[in-house]
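Protein chains in written order, with the numbering used here: chain D, 1 to 192; chain P, 1001 to 1170.
Each residue gets a CB set at the ideal place from its N, CA and C atoms; glycine is no exception.
Quick caveat: nothing in here was measured; it's all calculated off a predicted structure.
First comes the structure, then the notes that go with it.
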Amino acid sequence: MSPILESIGSVKGFGWGALAAVGTFESIQTITVGATSAASVTFSSIPATYTHLQIRSIARIDQSNTDDNVYMRFNADTGANYAGHYLFGNGSSVVAAAAASQNQGVACRITGANSGASIFGVGICDVLDYTNTNKYKTARVLTGHDQNGSGLVFLMSTLWQNTSAVTSITLFALVGNMTQYSQFALYGIKGA
Amino acid sequence: MPATYEKIATTTLGSATASVTFSSIPSTYTDLVLVAYAANTGSDAANTGYMQYNSDSGNNYSDTIVYTEGATPTSFRTTNSNAIGLWTIMGSTDSNRYSSIVVNFQNYSNSTTYKTTLNRIGTATASGGWTNMSAGVWRNTNAITSILVGGGTNWRSGSTFTLYGILKAA
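What follows is the structure in structure tokens.
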């Protein structure tokens, strides 16, 4: 059945949405965590044919937390070459913070084993100009979750102090595993 | 590789309208993105719209919000609400101004997880404005097959709403 768009109010109308390719946003790879859980997932051999990358995440961790980070490393770099800034709200206060000389960046903020059943955190991470060899790489992250009485929403930036093109991205939990049904999808965004 | 960002449906309102509903949403995508440039007929500069899924008007929604109107940012939350809020929507105080609204629905068609959205809204007035981000959850594992976008009052004429679908690799 085709999708229906309906407006209700002082006017009522139907519009049929044509399926039209926007055209510059392409799926590169999607990884779904299976029943055995996973400490990490890696997008490797990322094509250099795009202008930007986007990672769209939905995930949960098996540690006894109500929330935790999924971290990321580029090109398997484990050095202290990452930095980040964070702005987040928890429903009552807003906090801004920074972290320098980190061994990893943050890809998204997700839920943990102490969270309500079936609640996963979600995130969108944009890695801009990832093939440029003249710039350090900066990622922008919008992420969060709500648990009907608790929850967080974050805006973050992560800096990788390296001019190499990004060819692989590893997403991982520092402690524990990402649980079944966690999903990470990598997309490429083309330029003109 | 095939393009994976597709327009599902779009509308521009020709007159004030209480709500817009995207129904019979295909389950063939991984994520959905709602992009709206909209304002409502509320008398304040900043008003509240809302979203309900699958015609569920029960108290099964909640959200966590951060917003600022140019000074110290504020965070608040709702619990056991009957809708996901679309906060700081432009009202009728300036007929030329609308709010930019982007809502991301991650993994909307699975039957395992509650459905969480990430929302960003920006509203500018002649003397200031608001920007906010929020995470909202629908405590239901059903696939989302319809989305009602309510104006709170009415959506103003000229408001536009487009729903996109994002595919994953074949």
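Exposure of residue i, with buried meaning 16 or more beta-carbon neighbours within 10 Å
| i | result |
| --- | --- |
| P/K1168 | buried |
| D/S2 | Because D/S2 carries a pLDDT of 41, less than 50, the predicted location of this residue cannot be relied on, and the following value inherits that uncertainty. D/S2 should be labelled exposed. |
| D/A21 | Residue placement at D/A21 cannot be trusted, given a pLDDT of 38 that sits under 50; what the coordinates show is reported in the next sentence. Answer is exposed; the Cβ neighbour count stays below 16. |
| D/K135 | exposed |
| P/T1141 | exposed |
| D/Q104 | buried |
| P/S1159 | buried |
| P/P1073 | buried |
| P/A1083 | buried |
| D/Q161 | exposed |
| D/A98 | exposed |
| D/G191 | exposed |
| D/S44 | exposed |
| P/D1063 | buried |
| P/N1080 | exposed |
| P/G1070 | exposed |
| D/T163 | exposed |
| D/A107 | buried |
| P/A1039 | buried |
| D/G17 | With a pLDDT of only 28 at D/G17, under 50, the local geometry of the prediction cannot be trusted, and no value is derived from it. |
| D/A59 | buried |
| P/T1078 | buried |
| D/D146 | buried |
| D/G123 | buried |
| D/L186 | buried |
| D/K69 | In the sequence on display, residue 69 of chain D carries Asn and not Lys. Buried. |
| P/T1112 | exposed |
| D/G84 | buried |
Nearest-angstrom beta carbon gap, residue j and residue i [assumed within contact, 8 Å]
| i | j | result |
| --- | --- | --- |
| P/A1135 | D/V175 | That belief does not hold up - the Cβ atoms of P/A1135 and D/V175 are roughly 23 Å apart, past 8 Å. |
| P/A1143 | P/N1110 | 7 Å |
| P/Y1114 | D/S118 | 5 Å |
| P/G1085 | P/Y1050 | 6 Å |
| D/N177 | D/S37 | 4 Å |
| D/D67 | D/G121 | 7 Å |
| D/T78 | D/S168 | Actually they are not in contact, since the Cβ atoms of D/T78 and D/S168 sit about 13 Å apart, beyond 8 Å. |
| P/A1009 | P/L1163 | 5 Å |
| D/Y71 | D/F172 | 6 Å |
| P/T1125 | P/T1068 | Actually they do not touch by this definition, with Cβ atoms about 14 Å apart. |
| P/W1138 | P/Y1061 | 6 Å |
| D/G112 | D/S64 | 7 Å |
| D/Q54 | D/I189 | 6 Å |
| D/F25 | P/Y1005 | 4 Å |
Identity of the residues DSSP links to residue i by a beta bridge
| i | result |
| --- | --- |
| P/W1130 | P/T1123 |
| P/T1078 | P/D1063 |
| P/Y1040 | Looking at the sequence itself, residue 1040 of chain P is Asn, so the reference to Tyr does not match. Paired residues: P/W1155. |
| P/N1047 | P/I1089 |
| D/N69 | D/R109 |
| D/T170 | D/T42, D/R73 |
| D/Y187 | D/S27, D/Q54 |
| P/V1035 | P/V1102, P/T1162 |
| P/Y1053 | P/I1147 |
| P/G1136 | P/D1063, P/T1117 |
| P/T1072 | Note: P/T1072 sits in no beta bridge, so no partner. |
| P/I1084 | P/M1051 |
| D/I61 | D/M178 |
| P/S1024 | Partner(s): none; P/S1024 has no beta bridge. |
| P/T1012 | P/T1160 |
Proximity to residue i [Cα-Cα], best of the options
| i | options | result |
| --- | --- | --- |
| D/D129 | D/Y86, D/R140, D/L171, D/R73 | D/R140 |
| P/N1059 | D/N148, D/F74, D/G79, D/T138 | D/N148 |
| P/A1016 | P/I1166, P/T1162, P/S1157 | P/S1157 |
| P/T1123 | P/Y1029, P/Y1037, P/T1145 | P/Y1037 |
| P/N1047 | P/L1118, P/T1145, P/K1007, P/G1150 | P/G1150 |
| D/N75 | D/V166, D/T138, D/Q102 | D/V166 |
| P/G1152 | P/E1006, P/T1088, P/S1100 | P/T1088 |
| P/I1121 | P/V1102, P/A1018, P/T1112, P/S1024 | P/V1102 |
| P/D1031 | P/S1092, P/N1132, P/K1007 | P/K1007 |
| P/S1099 | P/T1112, P/Q1106, P/N1119, P/F1105 | P/N1119 |
| P/S1042 | P/Q1106, P/G1091, P/Y1164 | The displayed chain sequence assigns Gly, not Ser, to residue 1042 of chain P. The shortest C-alpha separation from P/G1042 is found at P/G1091. |
| D/Y50 | D/S182, D/S150, D/T131 | D/T131 |
| D/N81 | D/T138, D/L186, D/N90, D/F184 | D/T138 |
| P/S1024 | P/N1154, P/F1161, P/S1055, P/A1045 | P/S1055 |
| D/V95 | P/S1057, P/I1065, P/D1094 | P/I1065 |
| P/M1133 | D/T143, D/H85, D/S57, D/S182 | D/T143 |
| P/F1105 | P/S1057, P/S1075, P/S1127, P/V1033 | P/V1033 |
| D/S157 | D/A100, D/Q180, D/V33 | D/A100 |
| D/R109 | D/R73, D/S40, D/I61 | D/I61 |
| D/T133 | D/L155, D/A48, D/V33, D/S40 | D/A48 |
| D/N90 | D/L155, D/T24, D/I31 | D/L155 |
| P/T1093 | P/Y1053, P/S1057, P/Q1052, P/A1045 | P/A1045 |
**Item:** Every unbroken beta strand (DSSP E) inside the segment 77 to 160 of chain D [3 residues or more]
**Value:** 82 to 89, 94 to 102, 105 to 110, 121 to 128, 137 to 146, 151 to 160
Open item on the list: Which runs of the beta strand (DSSP E) at least 3 residues long sit entirely within the segment 1093 to 1123 of chain P? Give them in chain order.
Closed with: 1099 to 1105
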